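Data first, discussion second: the structure below is written as structure tokens.
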Amino acid sequence: MGRSLPLQGIRVANFGWGWLGPVAGQTLSRLGAEVYKVESHVRVDINRTIPPFAGGERDPDRSLQNHAGWAGNGSITLDLKRSEGQELALRLVAVCDVVLENFGPGVMEKLGLGWEPLRAANPRLVMVSMPAAGLFGPLSSVRTYGMSLSSITGLDSLTGYHGGPPVPMENAFADPLGGTIGAFAALLGLHQRRRSGEGQHIDFSQQEGVMQLVGPAFMDFTFNGRVAGPIGNRHPTAAAAPHGVFPCAGEDRWISLAVRDAAEWRGLRAAMDDPAWAEDADFADGAARVAHIDALHERIAAWSRQHDDYALARRLQDFGVPAAPVLNVADLLRDPHYAARGTFIEVEHPLGFRETVYGHYVKTSRGQPAYRPGPTMGEDNRHVFQELLEIPPARFEALVKERVIY
Amino acid sequence: MAVAALEGVRIVELGQGVSAAFCTRLFADYGAEVIKIEMPGAGDVTRSWGPFPADEPHLEKSGLFFVLNTNKRSVTLDPSGDEGRDLLLRILDGADVLVENHQPGQMRAWGLDYARLAERIPALVMISITPFGQTGPYAAWKGCDLNAYHLSGTGSRYCGRPDEAPLEQGTFSADYFGAYVAATWGLASLLTQDAERGEHIDVSCAEAIAALFVGAQNIGGYAQDGSFEKRTGVGMPLAAPATILPCKDGYVWMLALELGQWQGLARAMGNPDWTQTELFQDMFARAQHADVIYPLLEEWTRRHTKQEIMDRCQEHGCPSTAVFTVQDAAQHPHLDERGFIVELEHSVLGSVRTLGAPVLLPQAPGGPRSAAPLLGQHNGEVYGERLGLGEERLRELAANGVI
Chain C
137 MGRSLPLQGI RVANFGWGWL GPVAGQTLSR LGAEVYKVES HVRVDINRTI PPFAGGERDP
197 DRSLQNHAGW AGNGSITLDL KRSEGQELAL RLVAVCDVVL ENFGPGVMEK LGLGWEPLRA
257 ANPRLVMVSM PAAGLFGPLS SVRTYGMSLS SITGLDSLTG YHGGPPVPME NAFADPLGGT
317 IGAFAALLGL HQRRRSGEGQ HIDFSQQEGV MQLVGPAFMD FTFNGRVAGP IGNRHPTAAA
377 APHGVFPCAG EDRWISLAVR DAAEWRGLRA AMDDPAWAED ADFADGAARV AHIDALHERI
437 AAWSRQHDDY ALARRLQDFG VPAAPVLNVA DLLRDPHYAA RGTFIEVEHP LGFRETVYGH
497 YVKTSRGQPA YRPGPTMGED NRHVFQELLE IPPARFEALV KERVIY
Chain F
10 MAVAALEGVR IVELGQGVSA AFCTRLFADY GAEVIKIEMP GAGDVTRSWG PFPADEPHLE
70 KSGLFFVLNT NKRSVTLDPS GDEGRDLLLR ILDGADVLVE NHQPGQMRAW GLDYARLAER
130 IPALVMISIT PFGQTGPYAA WKGCDLNAYH LSGTGSRYCG RPDEAPLEQG TFSADYFGAY
190 VAATWGLASL LTQDAERGEH IDVSCAEAIA ALFVGAQNIG GYAQDGSFEK RTGVGMPLAA
250 PATILPCKDG YVWMLALELG QWQGLARAMG NPDWTQTELF QDMFARAQHA DVIYPLLEEW
310 TRRHTKQEIM DRCQEHGCPS TAVFTVQDAA QHPHLDERGF IVELEHSVLG SVRTLGAPVL
370 LPQAPGGPRS AAPLLGQHNG EVYGERLGLG EERLRELAAN GVI
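Here it is as structure tokens:
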């Protein structure tokens, strides 16, 4: 048994949906909080409907990616469109420390769960709203998907091959990132509460969280009025070359490689067995290499494609050059580094099957909570309504029958 | 005015580059005191990375350094000798958190690994943010953002065309991602009771993305079914439209999946006949015919600006958006109204516009208040006033290259 976890005793009602909201809850759970995702059969969360399913059985309790992304959240089912459901939600909020939600602005208000009623129910509550572009401002009602959220930050305009059109990131990078920032926001609120004794309603705009990543190009615009386009795998401020992804032997095999100073350049030359071309004045120092980056990358690619990716990365590391294989999905599961760190683990789900998910991706000397698999819908209903909220069994059964708890 | 959420929290940053600096900026945005330790002479490497006004390199004029280091104090210190290490330890004696991003072997060589620090300062929270992490076969590897990002599988799975190289997103994605994760764990650690305080937090930027992003959506299926997918270069291949298309003045992220969204898009385009085809009412069927649909959509988008397309689509319940350039984003009235873009005065650069804090707290101030520090700007304050070193001693340390 390790020491107590940082958020031991903190309870969270998670009205978040999709991918981002549940990741925020999962993050707090990994830090020791007790988290209940509030959902309903009235409209099953879209994240539960995404294949593949355990054993191929299409069932909202068996979506494999849903289990990975929601693990750590508990689940209660409540029809929030009905006033009895809203009342029960308010009673839960009264015994929680944190509320998370990632609807559009105004949705929680329509459910009778806006900041005012929540604060009335619990003045010490930290409420974190995580809409696409914040709770106020001309863009606040913008609709996006997690995948396209980055389009309103400028980030998508930087992604693509150098000189070409933007190439889309094909999944919602902003969702797990935003979920993490949402948890960060909740922790800020808890720090503030410790000082003031009061809760507050925090406005986390995903746009502003993701736009931090545009910092380098933003500053170039600020200083020089330059509007950057896609830069491929080049250094974001053009301060290093080579800096790219290079082909290796085999189909779709690559390594990433960067040279940031003279010592690393000497290392790369030695690793390549000192080819004559590398002595060219075009490649003599950092500025020259950046100026001639296309020619430089072509030369390196001609060399790299003769070699195995892992072997080449190891050889470059032996010569002090930052390099690593470019992994695909299958590689992640067999890579010795992730295996050693326990990044992916096989767990037994209470429904009776084994599944592979990601484990504790942050290692701490304090220790980690036991892994809690992705919740089945309503698995905590009895605990929350009967034990926590002390609803008598007969009333509980009636609420289930009336599909308020549903 | 209310007191900042992290007022009184003391952070020391011993880092190079993006990840450690962005992590401590997240603390500094909310009132923590951050002392940034920089090597005498050149300082943090981002001081040399630019971008610079008019592209003229200058240690005090780097835009990247600026945006990452607002609200901080800078002291110079070389931790490689005994004198430097002792000074650093004295600074750490008064700190709650150390954030660093060096190779694990480097910290050991300096005598600043967690085991040794914990012996002296048991309550210290040490946050290490590295490409690969403190343990495992690649722990001793050299690495940067690009290596970490591509070790996460993100490029191979989700970014780039199938027959070309997997792509980074055009920034330091892995560094930023790892920094957010690290700040979250660090902030939680500071909530523990004093007697329980003190731990080492090991964040691998590669691992964080491999787990939370790529792993979450792919590993369960691959482990069960033995098959996996790769980047397509298009967007979402299963449903359509879900892609970036060129328009009159740039690009739009074209998204219309659910039926209502598709009908909204059709209305936005003036309901051309082809959108009413029975076959095209289903997002999966549309994806089967993407080679027909995308050119037809492009015919329309080419005739309109990204803002027109975004406005019309959003008005009709279709979530398509303009692909903002950095200029579009930087000058957007929405961000102005929210106070996200902040102007600060810097003694060498003059007035500088920089990015605000990522989270808005109504009860407490947040965001950048003071410009990024000059190299060693706070030596006098930290070494003189705090540690009580006399002027002669300071001159001696400077002469020896320690500070």
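Protein sequences appear in the order of chains C and F. Mapping to our numbering: the first sequence position 230 is 366, numbers consecutive. Mapping to our numbering: the second sequence position 39 is 48, numbers consecutive. Glycine included, C-beta positions come from ideal geometry on N, C-alpha and C. Since we're looking at a predicted model, the values are computed, not measured.
Name the chain C residues that come within less than 7 Å of residue i, Cβ to Cβ?
i, result
"Thr334 of chain F", "Gly290, Ser293 and Val363"
"Thr241 of chain F", "Glu306"
"Arg166 of chain F", "Asn464 and Val465"
"Val190 of chain F", "Thr316 and Val498"
"His67 of chain F", "Going along chain C, no residue has its Cβ under 7 Å from His67 of chain F, so there is no contact; the nearest lies around 11 Å."
"Ile210 of chain F", "Val498 and Thr500"
Just tell me which of the options has its CA closest to the CA of residue i.
i, options, result
"Pro255 of chain F", "F:Pro175, F:Arg312, F:Leu221 and F:Val223", "F:Arg312"
"Ile212 of chain C", "C:Asn517, C:Glu538, C:Pro486 and C:Phe532", "C:Asn517"
"Ala204 of chain F", "C:Glu533, C:Gly478 and C:Arg139", "C:Arg139"
"Leu323 of chain C", "F:Thr252, F:Phe36, F:Ala225 and F:Leu107", "F:Phe36"
"Asn388 of chain F", "F:Val411, F:Ala41, F:Val335 and F:Glu267", "F:Val411"
"Phe354 of chain C", "F:Asp337, F:Ala294 and F:Leu176", "F:Asp337"
"Gln442 of chain C", "C:Gly386, C:Gly270, C:Val180 and C:Phe489", "C:Gly386"
"Leu383 of chain F", "F:Leu15, F:Val18 and F:Leu68", "F:Leu68"
"Val76 of chain F", "F:Glu128, F:Val391, F:Asp64 and F:Arg34", "F:Arg34"
"Leu268 of chain F", "F:Met292, F:Met278 and F:Met245", "F:Met292"
"Gly52 of chain F", "F:Ala174, F:Leu398 and F:Asn78", "F:Asn78"
"Pro342 of chain F", "C:Pro505, C:Leu432 and C:Leu275", "C:Leu275"
"Pro250 of chain F", "F:Ala192, F:Ser329, F:Thr334 and F:Pro374", "F:Ser329"
"Ser356 of chain F", "F:Thr284, F:Leu96, F:Thr85 and F:Lys70", "F:Lys70"
"Thr500 of chain C", "F:Glu400, F:Val190, F:Asp102 and F:Pro88", "F:Val190"
Which chain F residues are close to residue i, counting only those with a beta carbon under 7 Å from its beta carbon?
i, result
"Met355 of chain C", "Pro60, Gly72, Leu73, Phe75 and Val76"
"Tyr172 of chain C", "Simply none; closest approach about 19 Å."
Whole-angstrom Cβ separation of residue i and residue j, contact assumed at under 8 Å?
i, j, result
"Met135 of chain F", "Ile46 of chain F", "Going by Cβ atoms, the distance from Met135 of chain F to Ile46 of chain F rounds to 14 Å, so no, they are not a contact pair."
"Glu220 of chain C", "Val520 of chain C", "That pair is no contact at about 15 Å."
"Gly240 of chain C", "Ser286 of chain C", "Wrong, their Cβ atoms sit about 18 Å apart, outside the cutoff."
"Pro366 of chain C", "Val159 of chain C", "Not really, about 28 Å apart at Cβ, beyond 8 Å."
"Leu349 of chain C", "Leu291 of chain C", "6 Å"
"Ser165 of chain F", "Lys239 of chain F", "6 Å"
"Gly205 of chain C", "Val264 of chain C", "Gly205 of chain C to Val264 of chain C, Cβ: 18 Å. No contact."
"Asn307 of chain C", "Gln290 of chain F", "About 25 Å; that fails the 8 Å criterion."
"Gly282 of chain C", "Gly152 of chain C", "Contact doesn't hold; Cβ gap of about 12 Å is too wide."
"Gly229 of chain F", "Leu468 of chain C", "That belief does not hold up - the Cβ atoms of Gly229 of chain F and Leu468 of chain C are roughly 12 Å apart, past 8 Å."
Taking C-beta pairs closer than 8 Å, name the residues in chain F that residue i reaches, listed in chain order.
i, result
"Arg443 of chain C", "Rather than Arg, the amino acid found at residue 443 of chain C in this sequence is His. Per Cβ cutoff of 8 Å: no residues; His443 of chain C is ~16 Å from chain F at best."
"Leu261 of chain C", "Simply none; closest approach about 12 Å."
"Pro301 of chain C", "Ile253, Pro255 and Tyr260"
"Ile338 of chain C", "Val368, Leu369, Leu370 and Pro371"
"Gln222 of chain C", "Under the 8 Å cutoff, chain F gives no residues; its nearest Cβ is about 24 Å from Gln222 of chain C."
"Trp401 of chain C", "Here the premise fails: no neighbours, minimum Cβ distance about 13 Å."
For a contact meaning CB atoms closer than 9 Å, what does residue i contact in chain F?
i, result
"Ile541 of chain C", "The contacting residues do not exist; Ile541 of chain C stays about 28 Å from chain F at best."
"Glu334 of chain C", "Gln372"
List, in chain order, every chain C residue whose beta-carbon is nearer than 8 Å to that of residue i.
i, result
"Tyr147 of chain F", "Ala460 and His473"
What residues from chain C crowd round residue i, counting only those whose CB sits closer than 9 Å?
i, result
"Leu176 of chain F", "Thr295, Gly296, Tyr297, Val303, Met305, Pro366, Gly368, Asn369 and Val381"
"Val108 of chain F", "Those within 9 Å of Val108 of chain F in chain C number zero; the least Cβ separation is about 14 Å."
"Phe186 of chain F", "Phe309, Pro312, Leu313, Thr316 and Leu349"
**Message:** Against chain F, which members of the region 497-510 of chain C pass a CB distance test of less than 8 Å?
**Reply:** Tyr497, Val498, Lys499, Thr500, Ser501 and Arg502
**Message:** Closer than 9 Å between beta carbons: that is the criterion. Which residues of the region 358-373 of chain F meet it against chain C?
**Reply:** Leu358, Val361, Arg362, Thr363, Leu364, Gly365, Ala366, Pro367, Val368, Leu369, Leu370, Pro371, Gln372 and Ala373
**Message:** Please list, in chain order, the residues of the region 466-477 of chain C that have any C-beta partner in chain F closer than 9 Å.
**Reply:** Ala466, Asp467, Leu468, Leu469, Asp471, Pro472, His473, Tyr474, Ala475, Ala476 and Arg477
**Asked** Looking at chain F, which residues of the region 480-494 of chain C have a Cβ within less than 8 Å of any of its Cβ atoms?
**Response** Phe480, Glu482, Glu491, Thr492, Val493 and Tyr494
**Item:** Ordered list of alpha helix (DSSP H) runs contained in the region 75-131 of chain F, each at least 4 residues
**Value:** 91-102, 113-118 and 123-129
**Prompt:** Just by C-beta distance, which residues in the region 215-237 of chain F are closer than 7 Å to chain C?
**Reply:** Glu216, Ala217, Ala219, Ala220, Leu221, Phe222, Val223, Gly224, Ala225, Gln226, Asn227, Ile228, Gly229, Gly230, Tyr231, Ala232, Gln233, Asp234 and Phe237
**Request:** Quick one: which unbroken alpha helix (DSSP H) runs of 4-plus residues sit fully inside the region 201-258 of chain C? Chain order, please.
**Result:** 219-230, 243-246 and 251-257
**Request:** Pick out the complete alpha helix (DSSP H) segments inside the region 318-362 of chain F, 4 residues or longer, and give them in chain order.
**Result:** 335-339 and 342-346
**Message:** If we require 4 or more residues per run, which alpha helix (DSSP H) segments fall completely within the region 420-458 of chain C?
**Reply:** 422-427, 429-440 and 445-454
**Prompt:** Counting only runs that start and end within the region 283-352 of chain C, where is the alpha helix (DSSP H) found for 4 or more residues in a row?
**Reply:** 310-332 and 342-347
**Members of the region 243-258 of chain C that neighbour chain F once the beta carbon cut-off is set at 8 Å** = none
**Item:** Whole runs of the alpha helix (DSSP H) within the region 171-221 of chain F, excluding any shorter than 4 residues
**Value:** 182-198 and 214-218
**Message:** Along the region 192-206 of chain C, where does the CB come closer than 8 Å to a CB of chain F? Name the residues.
**Reply:** Leu200, Gln201, His203, Ala204 and Gly205
**Request:** Can you check the region 357-386 of chain C for any beta strand (DSSP E) of at least 3 residues that lies completely inside it and give the ranges in chain order?
**Result:** 379-383
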